Each structure stands twice: as C-alpha cells, then as structure tokens.
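**Student:** For any residue, its number in the working numbering is found by taking its place in the sequence shown, counting from 1, and adding 284. Where is the CB? At the ideal position from N, CA and C, for every residue including glycine. The structure presented is a predicted model; accordingly, all values stated were derived computationally and were not measured. Sharing a structure with you now.
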Amino acid sequence: MTKRKIKLNRKVGLLKLQHIFRLTTDNYKLEVKVVKRIANATDANAFLRSLESRERESLKYVVLDCSADTARKIIVNHVQDIYMGRRNYHFLLTSLVSPSMLSQKSILFD
285 MTKRKIKLNR KVGLLKLQHI FRLTTDNYKL EVKVVKRIAN ATDANAFLRS LESRERESLK
345 YVVLDCSADT ARKIIVNHVQ DIYMGRRNYH FLLTSLVSPS MLSQKSILFD
C-alpha cells in the first residue's frame, strides 16, 4: 500500500481527491496520511518542512490543488530550501499549466 500526503486548497479539492481514489486498483492502493488546506505558498512550504522534520527518510507524494502559479512557487521554494530533502518528494498538480508559464525562465535555472 502506498502512502500519500495530500494538500488541498479549494472545496473542489475534495471532489478531486475522490476522483483520485477512483483511479486506484487492487494492485495500487492509496492511503491518505494528511490533508491540509493552505493559504499561500509560504504556508505550504512551512507545512512541508514540518513533514520533513517528522519523517525525513519517507517518500512523500504531495497533491497540490492550487493555482499553477502557487504550485510553481511551492516547488521552487521547496527546491531552494537547503533543509528540505529533495529526492523523497513527488508532486502531482491538479491545475493546468498555461503555455506562458512554460516559457517563463525561473531564476533557479538561469
């Protein structure tokens, strides 16, 4: 059984979570450990840091149900935080990414 940490930012998020559960199979089960409503990227990164301090070595699968811009900020802040493990985090974004966001250069990769 795979454990997931899930972050929801909208009421619609519960419907999306229900849809994710429907995608599970007998061979691939989903266990939700944490659901957290976030206000902004700073709030989300503080929450991720608290998870990291409790379970440093565990794999963390995070569903970001927020705007694409907020998700981008969360992930960039996460990568730039020297105290966060990077290999153990896997992000699933529920929002669409616009083509204009793909063409933007991040200061991280300049």
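State the DSSP-derived secondary structure class of Arg333, mapped to helix, strand or coil.
**Tutor:** Three-state result, Arg333: helix.
**Student:** Determine whether the beta carbon atoms of Leu343 and Asn372 lie at a separation below 8 Å.
**Tutor:** The answer is yes: Cβ separation under 8 Å.
**Student:** Can you give me the start and stop residues for the alpha helix (DSSP H) that Arg321 sits inside?
**Tutor:** Where Arg321 is concerned, there is no enclosing alpha helix (DSSP H), although the beta strand (DSSP E) it sits in stretches over Leu314 to Arg321.
**Student:** Hey, could you find the ends of the beta strand (DSSP E) Asp349 is sitting in?
**Tutor:** Here the beta strand (DSSP E) through Asp349 covers Lys344 to Asp349.
**Student:** Taking all protein chains shown into account, do 16 or more other C-beta atoms lie within 10 angstroms of the C-beta of Asn329, making it buried, or fewer, making it exposed?
**Tutor:** Asn329 should be labelled buried.
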